[in-house]
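Below you'll find the structure, written out as structure tokens, and then a few comments.
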Amino acid sequence: MNTHEIYIQRCLQIAQNGLGQVAPNPLVGCVMVCDDQIIAEGFHQKYGENHAERNAISLVNDERLLKKSTLYVNLEPCSHFGKTPPCADLIIEKKIPKVVISNLDSNPEVARKGVERLRNAGIEVITGVLENEGRFLNRRFFTYIEKKRPYIILKWAQSLDGFMYNETERWITNDAMRNLVHKWRSEEPAIMVGTNTVLTDNPKLNVRACFGKNPLRITMDKNHKLPKNLHFFDHSQPTKIYETTDLSEILNDLYARKIQSLIVEGGAKLLQSFIEKNLWDETRILIGNKHLHNGLKAPKIQGKEIFSTEIEQDKAVYLFTYS
Numbered sequence: 029m030n031t032h033e034i035y036i037q038r039c040l041q042i043a044q045n046g047l048g049q050v051a052p053n054p055l056v057g058c059v060m061v062c063d064d065q066i067i068a069e070g071f072h073q074k075y076g077e078n079h080a081e082r083n084a085i086s087l088v089n090d091e092r093l094l095k096k097s098t099l100y101v102n103l104e105p106c107s108h109f110g111k112t113p114p115c116a117d118l119i120i121e122k123k124i125p126k127v128v129i130s131n132l133d134s135n136p137e138v139a140r141k142g143v144e145r146l147r148n149a150g151i152e153v154i155t156g157v158l159e160n161e162g163r164f165l166n167r168r169f170f171t172y173i174e175k176k177r178p179y180i181i182l183k184w185a186q187s188l189d190g191f192m193y194n195e196t197e198r199w200i201t202n203d204a205m206r207n208l209v210h211k212w213r214s215e216e217p218a219i220m221v222g223t224n225t226v227l228t229d230n231p232k233l234n235v236r237a238c239f240g241k242n243p244l245r246i247t248m249d250k251n252h253k254l255p256k257n258l259h260f261f262d263h264s265q266p267t268k269i270y271e272t273t274d275l276s277e278i279l280n281d282l283y284a285r286k287i288q289s290l291i292v293e294g295g296a297k298l299l300q301s302f303i304e305k306n307l308w309d310e311t312r313i314l315i316g317n318k319h320l321h322n323g324l325k326a327p328k329i330q331g332k333e334i335f336s337t338e339i340e341q342d343k344a345v346y347l348f349t350y351s
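All residue numbers for the sequence shown refer to the working numbering, where the first residue is 29 and numbers rise by one.
The following block contains the structure:
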């Protein structure tokens with residue numbers, strides 16, 4: 029890695045700390061460097077609060093250093109007033125001479141306007157450093173902006189021989205792997221299951237095994253057959269029940285509600301519907317270390333395996349269509 033890549037890599041690393049807290053905003057980290065030394069770091073911590081650049085700049089005690097520093101950030105500084113003032117204006121105000129960026133912002137309110145404002149102020153701007161890595165980090169944000177729908181994560185558990193469950197075995201993975209699922213839930217703003225899953229499993233779809241916000245839970249009830257004594261109706265967390273099975277209609281509504289990403293946990297019929305309509309970006313398959321020999325077959329899917337992880341002999345495999 030060259031010097032720019034090293035510091036942008038650090039931006040990507042600290043940006044991840046905002047996962048589950050900043051949506052529908054992107055994940056952004058910022059590093060201030062003076063004389064080849066990091067003098068401050070910041071990341072976007074919570075939606076509606078200060079952006080990464082403002083957080084990092086505020087931590088530089090001697091403002092004289094800013095005039096000879098380089099600001100590294102993984103996403104183009106904003107140039108418009110939103111929940112907070114424009115970061116590009118702050119960089120200009122502090123007379124920071126050089127800015128290095130990973131990704132330009134696809135948001136029409138920002139796209140290239142931040143870079144243009146900085147350059148017009150005489151600031152040297154370098155873009156495209158670790159661009160692919162930056163887009164992968166913010167794959168939820170870029171999908172939401174560019175495809176005008178939530179980033180869709182499909183998730184299910186299956187046995188070594190490809191079954192989701194049978195009459196005698198409903199739990200396939202170990203407790204540690206199930207705890208990981210709760211962490212995943214805390215990182216996404218919405219979670220969806222099918223009508224039959226709500227009826228047969230009566231799931232809570234909340235976050236219990238880790239710290240984090242409960243996602244918006246979603247299902248469909250076109251024929252009004254869900255009884256009111258189910259957890260879905262307990263008012264314990266935000267809930268949306270659609271009177272349609274049209275996935276495009278549902279995704280359009282979620283986009284309008286600024287839901288940046290959606291995790292779909294089942295059942296098999298709903299998961300297969302997303303697969304057949306090619307409405308997915310990422311799939312996480314939990315593979316338990318056991319054979320069931322019979323039961324409900326897991327969905328069939330084709331995707332690029334990026335990585336996998338093992339937890340106590342169980343395995344999580346990550347597939348992607350995103351590039």
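Glycine is no exception: its CB is placed at the ideal position from the N, C-alpha and C atoms.
**Item:** Of the listed residues Lys232, Thr225, Lys305, Asn322, nearest to Ala3 (C-alpha basis)
**Value:** Because the chain here runs from 29 to 351, residue 3 falls outside it and cannot be looked at.
**Request:** Identify the continuous alpha helix (DSSP H) that holds Phe169 and give its terminal residues.
**Result:** Taking the sequence shown and counting its residues from 1, one reaches residue 169 at position 141. Note, Phe169: alpha helix (DSSP H), 167-175.
**Request:** Assign Leu188 to one of two classes, buried (16 or more other C-beta atoms within 10 Å of its C-beta) or exposed (fewer than that).
**Result:** Your numbering for residue 188 matches position 160 in the sequence shown. Leu188 comes out exposed.
**Message:** Beta-carbon within less than 6 Å of Ser351's beta-carbon, same chain only, minus the 5 sequence neighbours each way: which residues are those?
**Reply:** The sequence position of residue 351 within the sequence shown is 323, counting from 1. Because Ser351 carries a pLDDT of 45, less than 50, the predicted location of this residue cannot be relied on, and no value is offered for it.
**Message:** So, with DSSP's three-state summary, where would you put Cys106?
**Reply:** Against the sequence shown, residue 106 aligns to sequence position 78. Cys106 falls in the coil class under three-state DSSP.
**Prompt:** Quick one: what does DSSP say Lys268 is sitting in, helix, strand or coil?
**Reply:** One-based indexing of the sequence shown puts residue 268 at position 240. Lys268: strand per DSSP, three-state reduction.
**Request:** Excluding the 5 residues preceding and the 5 following Leu279 in the sequence, name in chain order all residues of the same chain whose CB lies nearer than 6 Å to its CB.
**Result:** Reading the sequence shown from its first residue, position 251 is the one you call residue 279. If we look at Leu279 and ignore the five residues flanking it on each side, its Cβ neighbours are Arg177.
**Request:** Determine, using beta-carbon pairs with one atom in the stretch 104-124 and one in the stretch 145-152, whether at least three such pairs fall under 8 Å.
**Result:** yes
**Request:** Would you kindly report the start and end of the unbroken alpha helix (DSSP H) that includes Lys126?
**Result:** Numbered from its first residue, the sequence shown carries residue 126 at position 98. Premise fails: Lys126 lies in the beta strand (DSSP E), 126-131, not in any alpha helix (DSSP H).
**Item:** Contact under 9 Å by Cβ, Lys332 with Met192
**Value:** Residue 332 sits at position 304 when you count from the first residue of the sequence shown. Residue 192 sits at position 164 when you count from the first residue of the sequence shown. Against a cut-off of 9 Å, the Cβ pair of Met192 and Lys332 comes out as no contact.
**Item:** Thr225, enclosing beta strand (DSSP E) - first and last residue
**Value:** Along the sequence shown, read from residue 1 onward, the residue named residue 225 stands at position 197. No beta strand (DSSP E) contains Thr225, which is instead part of the alpha helix (DSSP H) from 223-229.
**Asked** Do Arg285 and Pro17 come within 9 Å of each other at the CB atom, strictly closer than that value?
**Response** What is shown of the chain runs 29 to 351, which leaves residue 17 out entirely.
**Message:** What does the alpha-carbon distance come out to for the pair Ser276 and Phe170?
**Reply:** The residue labelled residue 276 in the question sits at position 248 within the sequence shown. The residue labelled residue 170 in the question sits at position 142 within the sequence shown. Straight-line Cα distance between these residues: approximately 19 Å.
**Request:** With distances taken Cα to Cα, identify the nearest neighbour of Ala185 among Asn102, His319, Glu33, Asp274.
**Result:** As a working note, residue 185 is residue 157 in the sequence shown. Of Asn102, His319, Glu33, Asp274, the residue nearest in Cα terms is His319.
**Asked** Using CA coordinates, which residue listed in Leu94, Lys95, Val59 is at the minimum distance from Gln79?
**Response** Here the question's residue 79 lines up with position 51 in the sequence shown. For clarity, residue 79 is His in the given sequence; the question names Gln instead. Closest by alpha carbon: Val59.
**Asked** Just curious, the beta strand (DSSP E) that Ile65 is in, first and last residue?
**Response** The residue labelled residue 65 in the question sits at position 37 within the sequence shown. The question names Ile, yet the displayed sequence has Gln at residue 65. Gln65 -> beta strand (DSSP E) spans 65-71.
**Request:** Take Asn317 and list the residues in its own chain whose beta-carbon comes closer than 6 Å to its own, dropping the five residues that flank it on each side.
**Result:** Residue 317 sits at position 289 when you count from the first residue of the sequence shown. Within the same chain, Asn317 has close Cβ partners Gln341, Asp342.
**Secondary structure of Asp281, DSSP reduced to three states** = Numbered from 1 along the sequence shown, position 253 holds the residue referred to as residue 281. In this structure, Asp281 counts as helix in the three-state DSSP scheme.
**Asked** Can you tell me whether DSSP reads Cys4 as helix, strand or coil?
**Response** Any property of residue 4 remains undetermined from this structure, which presents the chain solely from 29 to 351.
**Request:** Please report how far the alpha carbon of Ile269 lies from the alpha carbon of Leu165, in whole angstroms.
**Result:** Within the sequence shown, numbered from 1, the residue matching residue 269 stands at position 241. Within the sequence shown, numbered from 1, the residue matching residue 165 stands at position 137. Those two C-alpha atoms are separated by around 30 Å.
**Request:** Go ahead and pull the three-state DSSP assignment for Ser351.
**Result:** One-based indexing of the sequence shown puts residue 351 at position 323. Legend: pLDDT at Ser351 = 45, less than 50; position of this residue unreliable, no value from coordinates given.
**Item:** Backbone secondary structure at Trp212 - three-state DSSP
**Value:** Position 184 of the sequence shown, counted from the first residue, corresponds to residue 212. Trp212: helix per DSSP, three-state reduction.
**Message:** To the nearest angstrom, how far is the alpha carbon of Glu91 from that of Leu55?
**Reply:** The residue you call residue 91 lines up with position 63 of the sequence shown. The residue you call residue 55 lines up with position 27 of the sequence shown. Distance between the alpha carbons of Glu91 and Leu55 is about 26 Å.
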